[in-house]
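Have a look at the structure below before the remarks.
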Amino acid sequence: MSNDTPPPAILFIDDDADIVKAARLLLERRGMTLTGAASPDAAWPLLAENHYDAILLDLNFARGRTSGAEGFAMLDRLTAADRDLAVVVITGHSGINIAVQAMRAGAADFVIKPWGNERLLTTVERAVALTRARRSVAPADADADADADADRLILGEAPAIQTARERIRRVAETPAPVLIRGPAGSGKSLFAEVLHHASAHAERPPTLLACAAVSEMTTLETTLARAKGGTLILDAVDTLAPELQLQLATCLAQTRPIATSRCDRAALAQTLAPDLLYRVNTIEIDLPPLAERGEDILRLARYFAERFAGRYGKPPRPISQTAAAAITADRWPDNVRGLRQAVERAVLLGTGDQLDLVDFQFEADAQAPIPRAMTSSLNLERSERLLVEAALKRNGFNVSRAAAELGLTRAALYRRMAKYGL
Numbered sequence: 001m002s003n004d005t006p007p008p009a010i011l012f013i014d015d016d017a018d019i020v021k022a023a024r025l026l027l028e029r030r031g032m033t034l035t036g037a038a039s040p041d042a043a044w045p046l047l048a049e050n051h052y053d054a055i056l057l058d059l060n061f062a063r064g065r066t067s068g069a070e071g072f073a074m075l076d077r078l079t080a081a082d083r084d085l086a087v088v089v090i091t092g093h094s095g096i097n098i099a100v101q102a103m104r105a106g107a108a109d110f111v112i113k114p115w116g117n118e119r120l121l122t123t124v125e126r127a128v129a130l131t132r133a134r135r136s137v138a139p140a141d142a143d144a145d146a147d148a149d150a151d152r153l154i155l156g157e158a159p160a161i162q163t164a165r166e167r168i169r170r171v172a173e174t175p176a177p178v179l180i181r182g183p184a185g186s187g188k189s190l191f192a193e194v195l196h197h198a199s200a201h202a203e204r205p206p207t208l209l210a211c212a213a214v215s216e217m218t219t220l221e222t223t224l225a226r227a228k229g230g231t232l233i234l235d236a237v238d239t240l241a242p243e244l245q246l247q248l249a250t251c252l253a254q255t256r257p258i259a260t261s262r263c264d265r266a267a268l269a270q271t272l273a274p275d276l277l278y279r280v281n282t283i284e285i286d287l288p289p290l291a292e293r294g295e296d297i298l299r300l301a302r303y304f305a306e307r308f309a310g311r312y313g314k315p316p317r318p319i320s321q322t323a324a325a326a327i328t329a330d331r332w333p334d335n336v337r338g339l340r341q342a343v344e345r346a347v348l349l350g351t352g353d354q355l356d357l358v359d360f361q362f363e364a365d366a367q368a369p370i371p372r373a374m375t376s377s378l379n380l381e382r383s384e385r386l387l388v389e390a391a392l393k394r395n396g397f398n399v400s401r402a403a404a405e406l407g408l409t410r411a412a413l414y415r416r417m418a419k420y421g422l
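Going by full-length UniProt numbering, the letters in the sequence shown line up with residues 1 to 422, in that order.
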């Protein structure tokens, strides 16, 4: 670290003051600073006033709860607020599968309590490096990346993508309102951008209204005034407060609205005021889950690997056959967003000559791919095998160190090694 680089600043969101204190003492010895927040609510003022290089996030706050619901909700908000900021989730030794789910939802890594000091230090240092690498990219380069992402998504070969592309071609230059539906992470915002850039309003940047964040009429009126005569992208339109929906519906005639939603038609009919629904769904475009896009999955993975290598100044590396088979077979519950994040982590943190299974840290087995219709118990076994294998490799197959990192006894780790043939 150069003298001009400030020490890494870490925010630890955990209600256990002793845990936070132990982490602070450890990280300060490595030249970092650590601030504690006892709850997600307490973290937001700190995030607004300070610049952090990584977040440590406990997944459970209410006494007796182990589902991680509060932590997942906070993780979702953190990644939406700052995609560059790496989040490391903290979970108990029995929460390995929950930790993997968190990484699929956007976390950069995880640490199991009670942690090994070297494991925590290494994980935090990697998270800091990830955040700083992401932030080092110039805004113009980031914009070019977004445009390239949009182009590659729109050029997919899956039938549903071809249908969406054709529908965009037919309606782009008309003033017709468009509603883009699809699961979280499927690329709705990117498709909205593509539609705008092919429209008659392309010379002006689109105006974005993040509906979930609008809580008062003033914000709505200001946004509508800015969008007058241009494109208004209504992000997650189904999350707009009911008391604001009628006001929005009456003002859309002066814009070209492009709305996005993860809800199906029936759910939207229950959520949106009829007048608003009528004014946003003249044309409907449905995007499929990534798991239904066939060979597009591996095409996108290879594209992301090439782009992130260039973006971060890394040598281009191919995706191994084992990793490619697992990527193609995986269900990708977080869709294109989850794939993109997995490949970015692999490019930044992988150390081999190719991007291998262990670099992706996702629910895939190192053997033959398992069909998508697998049971939840098989999902857990696949996750566990990957985590055990990764811990052994990180620790040079030293069983004592790997067991400590995983929160297991040596005997328990030996049983898992025998079970998975490691």
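No residue lacks a Cβ here, since even glycine has one placed at the ideal position from N, Cα and C.
With fewer than 16 neighbouring CB atoms inside 10 Å of its own CB, Pro318 falls in the exposed class. In this chain, the beta strand (DSSP E) harbouring Thr33 covers Thr33 to Ala37. When secondary structure is reduced to three states using DSSP, Ser189 falls in the helix class.
Between Val343 and Ser186, the gap from beta carbon to beta carbon reaches 8 Å or more. If the five residues before and after Glu70 are omitted, its C-beta is found closer than 6 Å to the C-beta atoms of Phe61, all from its own chain and listed in chain order. As a beta-bridge residue in DSSP terms, Glu284 pairs with Leu179.
The Cβ atoms of Leu208 and Ile233 lie closer than 8 Å to each other. Looking at Asn117, Glu49, Leu348 and Leu290, the one whose alpha-carbon comes closest to that of Ile19 is Asn117.
Contact between the stretch 46 to 56 and the stretch 23 to 38 is present: three or more C-beta pairs spanning the two stretches fall below 8 Å. With 16 or more other Cβ atoms inside 10 Å of its own Cβ, Met74 counts as buried.
Note that the C-beta distance between Ala105 and Glu292 is not below 8 Å.
Here Asp84 is near Arg135, since their CB atoms are less than 8 Å apart. Within the same chain, and ignoring the five residues on either side of Thr409 in sequence, the residues whose Cβ sits closer than 8 Å to its Cβ are Ala403. Rounded to the nearest angstrom, the Cβ distance from Thr322 to Leu357 is 5 Å, consistent with a contact under 8 Å.
Residue burial is scored here from C-beta neighbours: Asn398 has fewer than 16 other C-beta atoms within 10 angstroms and is therefore classed as exposed. Taking 8 Å as the cut-off, the Cβ atoms of Leu120 and Val111 count as close. Counted as a single uninterrupted DSSP element, the alpha helix (DSSP H) harbouring Lys21 occupies residues Ala17 to Arg29. Distances from the alpha-carbon of Arg302 to those of Thr219, Asp15, Pro7 and Gln354 put Gln354 closest. Per DSSP, Val171 is one residue of the alpha helix (DSSP H) stretching across Pro159 to Val171.
The C-alpha of Val388 is placed about 20 Å away from the C-alpha of Ala324. With respect to Val214, Leu240 sits close: the two C-beta atoms are nearer than 8 Å. A distance of 8 Å or more separates the beta carbons of Leu339 and Ala259. Taking 8 Å as the cut-off, the beta carbon of Asp275 is found closer than this to the beta carbon of Ala249. The Cβ-Cβ distance between Ala127 and Ala17 does not fall below 8 Å. Distance from the CA atom of Pro257 to the CA atom of Pro177, rounded to whole angstroms, is 5 Å. With 16 or more other CB atoms across the displayed protein chains lying within 10 angstroms of its CB, Gly407 is buried. Listed in chain order, the alpha helix (DSSP H) elements of length 4 or more contained wholly in the stretch 202 to 289 are 217 to 227, 242 to 251, 265 to 271 and 274 to 280. Judged by DSSP in its simplified three-state form, Phe110 adopts strand. Secondary structure in the stretch 320 to 366: the alpha helix (DSSP H) runs of 4 residues or longer, each lying completely within the stretch, are 321 to 329, 335 to 349 and 357 to 360 in chain order.
Take Gly350, set aside five residues on each side of it, and the residues of its chain with a beta-carbon closer than 6 Å to its own are Asp359, in chain order. The straight-line gap separating the alpha-carbon atoms of Phe304 and Arg311 is approximately 10 Å. If you draw a straight line from the Cα of Ala9 to the Cα of His51, it comes to about 7 Å. The beta carbons of Gln254 and Gly229 sit closer together than 8 Å. Its chain contains Val388 as the residues whose beta carbon lies nearer than 6 Å to that of Arg416, once the 5 sequence neighbours on both sides are disregarded; these appear in chain order. Counted as a single uninterrupted DSSP element, the beta strand (DSSP E) harbouring Gly92 occupies residues Val87 to Gly92. Residue state for Asp14 is assigned as coil, using DSSP reduced to three classes.
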